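Visitor: Below are the structure tokens for one structure; questions will follow.
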Amino acid sequence: MRPYPEEITKIIARLKANPRGMSVTDLSRDLAINRNTTSRYLDMLLIAGEVEMRTYGKAKVFYPSQRVPLSAMINFSSDGVAILDRTLTVVQANDRILEIVRAGRDDVIGKPIGESRLSAFDHPLIRARIEDALGGDDVVEEVRFLRTGGELYFRMKILPTAFNDGSPGITIILEDITSQKLAEEALRAEEAKFRALVEDINDIIWNVDDDWTFSYVSPKSFDLLGYAPDEMVGRSLLDFVPAPEQERLSERLAGLLDRPFSLLPIPLLHRSGKSLVFEASGTPDFDEIGDFGGYRMVARDVTERHQAERRVRGWKSFLHCIVQNIPDMVFVREIAGGKYVFFNRAAEAFVGGAPGRLAGKEEGEIFGPDLVPLITCGEAEMLLKQIPVECPAMPVVFQNGETHHLQTKKIPIAGDRGEMKYVLTIVRDITDHVRADALLADQRDLAEALGSASDLRAALSICLDAAMQAAGVDAAAVYAVREEGRLERVAAFGLSAEAAARAEQIDGDEAGALIGGRAAAFPGDEDLRGTVTFTIVHGGMPVAVLVAGSRLTGLIPAAGVQALETIAAQAANVAGRILAQESVRIERDRAERYLDVAGVMIAGIRTDGTIERMNLTGCLALGYAETDLVGKNWFKTLVPARLRPRLEANFRRLMEGASPTPGEEKGSLLARDGCEIGVLWRNTIVRDHDGRITGLVTSGLISGPPAEDVY
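Going left to right, the sequence shown walks through residues 1 to 711 as full-length UniProt numbering numbers them.
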């Protein structure tokens, strides 16, 4: 044992001299030891069990612990007790545990547990619990010992223990529960007998003659059927059977002859008219000379079970109907034999098998080499982990040439004993989801491409490129609608040479059929078996026509048609934007022409004083080109120096809204040659939609020599 420091010895001696207890402060003062050091040593003694502590308010009072020898204490216990140190060496063992293992003290004390007579506790499972206890966990388990003459049952407690030096150990306590276990087993046996007795009492006992007439009925008939025994004796069993069932039951009873029977379902009517189902077992009864005299029968009410079975059958039928009609493909395979036992209709259609002809076959007999990776995907992981596994989607080419995206899910199904018995495979066609995601991505890419189109022709060419990516499209063309319904081809792809040469311009009824979406064939290309037409409309008027066709099939797939519809809709939106921009440009050009032919000087000035616009009249009068003035400061470029400070101050007040806009006034401007020109000004403040001032528009009439009056 590690010796205590000198200070701890002094603390123990001081506490023994004051058995009523001392506080940390008292001990620190009496022994002249630092208070923190004293507190730390007291904690060590408290953990080692050398001292005890009580709290009075905020004060902690320590006093010597009252101790008795451990060996004496554990021998008082009726339970078996063994104490082990951290190396699992037996330190103490009481008489009871020595009696249990039939060993002397020398056979146990001081020896490792595996080398002593306590080696039974060196089992790997118990050793794991011992390791948990050394880690600070309490462990309680039931153990059984086999001995000559019987079995012993114990409740074993493994408790973490600390020795005086602070090293860890464990205490093993064995509580004898043999009597309790034997009593529980006896109680279970008695309960089984009582339960069997109760079940017998709840049954009806019948004796019937050879013509099925009751000769004895037990009292339970009143509880179950509503009839007292004397009301049934002397009457036939068939008298209590519902009329629709009497003939069928009579035939079954006649077929029994004199043989024993069991679990025969018999429909009966309760006195109240309620239909019941009883399950009867019968033993034939013979007289002294061996002639058949009837049956001794036991009947049990199984109405609820019968109804439950009917409900279960109904649910099974319902679920079977659902599984057979869901679009997902369902396969069930036995793990042991590797044979498939179930296919729903979708699965049978997928593999091309006749209904009911696929069950009992193995994988190689059903699936082609191209489908084996899809069907077996995830199976190894599912069998290893025994959990459902979902595989990523795989592309599969169907017999019609279409590519579908299929996703497989594997689910383990256990048998009655919990063992893995079946593999449930669900194959889901997620082609629509994959196509929807691809269509969404294509729409996004198309929208970005269309956003960069500067005119309608460029936008329609972009739409044609997108249309050629749609499913089932082999050729496409896009036409702009011109005057009088004439169609002018903007772009085309995949057309035959004849169609490419012929369909540059389309008019008349043929153009009307395309614009109206009524065209049955592509103009000039009879090889296109399936054709669809989409009219791109803006403001209720057709502006373009998108035509697409297929050479392989007579009909473009629905996914392709949906993609083309989306492309046409996006083209219509872009057409509206482009036409609106074109309209704005035309209006702007018209306004520019109006400004240039005006007979007055017109200028636009921003709030910071820079020139934004100068019309042709002003440029000619001042001797500048408009590009020389735009972006320059109005006051530094065109206002005479003597007028500049005052005019700039007036302008700032106008832009801040601090002064009203002046009316018509006279002013002066500097021409490019340095001469001053007199101008008669009229000013207008420009505001945005929110009412904020954004600049000034000023118009001036050249009035000859310069004037001193200015706005």
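We put the CB at the ideal spot given by N, CA and C, even for glycine.
Note that the coordinates shown come from a computational prediction; the quantities given were computed from them, not determined experimentally.
(1) When burial is assigned at 16 or more other CB atoms within 10 Å of the CB, is residue 56 buried or exposed?
(2) Could you tell me whether the Cβ atoms of residue 105 and residue 77 are closer together than 8 Å?
(3) Check whether the stretch 318-328 and the stretch 226-240 touch, using three or more Cβ-Cβ pairs below 8 Å as the test.
(4) By the 10 Å Cβ neighbour count, where 16 or more other Cβ atoms means buried, how is residue 232 classified, buried or exposed?
(5) What number of angstroms, rounded off, separates the C-alpha of residue 27 from the C-alpha of residue 33?
(6) Determine the contact status of residue 600 and residue 461, defining contact as a CB-CB distance below 8 Å.
(7) In whole angstroms, what separates the C-alpha of residue 494 from that of residue 467?
(8) If you compare alpha carbons, which of 17, 246, 41, 103 is closest to residue 6?
(9) What residue does the beta strand (DSSP E) around residue 421 start on, and which one ends it?
(10) Following the continuous alpha helix (DSSP H) through residue 306, name the residue where it begins and the one where it ends.
(11) Candidates 496, 471, 276: which alpha carbon is nearest residue 778's?
(12) Give the single residue among 189, 500, 676, 375 whose Cα lies nearest to the Cα of residue 410.
(13) Pair every Cβ in the stretch 302-316 with every Cβ in the stretch 206-222, then say whether three or more of these pairs are closer than 8 Å.
(14) Spatial neighbours of residue 218 within its chain, please: CB distance less than 6 Å, with the 5 preceding and 5 following residues excluded, ordered by chain position.
(15) For residue 128 and residue 110, I'd like the C-alpha separation in whole angstroms.
(16) Would you tell me roughly how many angstroms separate the C-alpha atoms of residue 408 and residue 392, rounded to the nearest one?
(17) Can you have a look at residue 92 and say buried or exposed, based on whether 16 or more other CB atoms are within 10 angstroms of its CB?
(18) Can you look up residue 206 in the DSSP assignment and give me helix, strand or coil?
(19) Three or more beta-carbon pairs under 8 Å between the stretch 118-133 and the stretch 181-189, yes or no?
(20) Identify every residue that forms a DSSP beta bridge with residue 407.
(21) Whole angstroms is fine: what's the gap from residue 260's alpha carbon to residue 193's?
(22) For the alpha helix (DSSP H) containing residue 31, name the first residue and the last one.
(23) Look up residue 413 in the DSSP assignment and give the residues it is bridged to.
(24) From residue 538 to residue 482, what distance separates their C-alpha atoms?
(25) Which residue from 679, 684, 575 puts its Cα closest to that of residue 605?
(26) Quick check: the Cα distance between residue 613 and residue 656, rounded to an integer number of angstroms?
(27) Hey, which unbroken runs of the alpha helix (DSSP H) at 4 residues or more fall wholly within the stretch 240-297?
(28) Would you kindly work out how many angstroms separate the C-alpha atoms of residue 581 and residue 544, rounded to a whole number?
(29) Please state the DSSP three-state secondary structure of residue 41.
(30) For residue 64, which of helix, strand or coil comes out of DSSP?
(31) Between residue 547 and residue 579, which are expected to be in contact by the criterion C-beta below 8 Å, what is the C-beta distance as a whole number of angstroms?
(32) What is the rounded straight-line gap between the Cα of residue 199 and the Cα of residue 265?
(33) What is the DSSP secondary structure of residue 468, reduced to helix, strand or coil?
(34) CB-CB under 7 Å to residue 640, same chain, minus the five flanking residues each way: which ones, in chain order?
(35) As a quick exercise: from 516, 418, 475, 463, pick the residue whose alpha carbon is nearest that of residue 486.
Guide: On the basis of the coordinates in this document:
(1) The residue is exposed, with fewer than 16 neighbouring Cβ atoms inside 10 Å.
(2) In this structure, residue 77 does not lie closer than 8 Å to residue 105 by Cβ.
(3) Not touching, per the Cβ criterion.
(4) Answer is buried; the Cβ neighbour count reaches 16.
(5) Their backbone Cα atoms lie some 8 Å apart in a straight line.
(6) Cβ atoms of residue 600 and residue 461: not closer than 8 Å.
(7) Going by the C-alpha atoms only, they are around 12 Å apart.
(8) When only C-alpha atoms are compared, the closest one is 41.
(9) 420-429 is the span of the beta strand (DSSP E), which, as asked, contains residue 421.
(10) Segment 303-325, the alpha helix (DSSP H) holding residue 306.
(11) The structure shown does not extend to residue 778, since the chain is modelled only from 1 through 711, so no value can be given for it.
(12) The residue with the shortest Cα to Cα distance from residue 410 is 375.
(13) Counting Cβ pairs under 8 Å, fewer than three are found: no touch.
(14) Taking C-beta separations shorter than 6 Å and ignoring five residues to either side along the sequence, the partners of residue 218 in its chain run 204, 205, following chain order.
(15) Distance between the alpha carbons of residue 128 and residue 110: 22 Å.
(16) The straight-line gap from Cα to Cα measures roughly 7 Å.
(17) Result: buried.
(18) Strand.
(19) With a cut-off of 8 Å, the stretch 181-189 and the stretch 118-133 do not count as touching, because too few Cβ pairs lie within range.
(20) Looking at the DSSP assignment, residue 407 forms a beta bridge with 428.
(21) Each residue's Cα considered, the two are about 26 Å apart.
(22) That run of the alpha helix (DSSP H) goes 24-31.
(23) Per DSSP, the beta-bridge partners of residue 413 are 422.
(24) Distance between the alpha carbons of residue 538 and residue 482 is about 14 Å.
(25) Distance check between residue 605 and each of 679, 684, 575 places 684 closest, using alpha-carbon atoms only.
(26) Taking the straight line joining both Cα atoms gives about 21 Å.
(27) Unbroken alpha helix (DSSP H) runs of no fewer than 4 residues, entirely contained in the stretch 240-297, are found at 243-254, following chain order.
(28) Looking at the backbone, the Cα of residue 581 and that of residue 544 are separated by about 17 Å.
(29) Residue 41: helix per DSSP, three-state reduction.
(30) Residue state for residue 64 is assigned as strand, using DSSP reduced to three classes.
(31) That belief does not hold up - the Cβ atoms of residue 547 and residue 579 are roughly 21 Å apart, past 8 Å.
(32) With a pLDDT of 46 at residue 199, under the threshold of 50, the predicted position of this residue should be treated as unreliable, and no value is reported.
(33) Three-state DSSP puts residue 468 in coil, outside helix and strand.
(34) The beta carbon of residue 640 sits closer than 7 Å to the beta carbons of 668, 670, 676 from its chain, once the five residues preceding and following it are set aside; these are given in chain order.
(35) Of the listed residues, the one whose Cα sits closest to residue 486 is 516.
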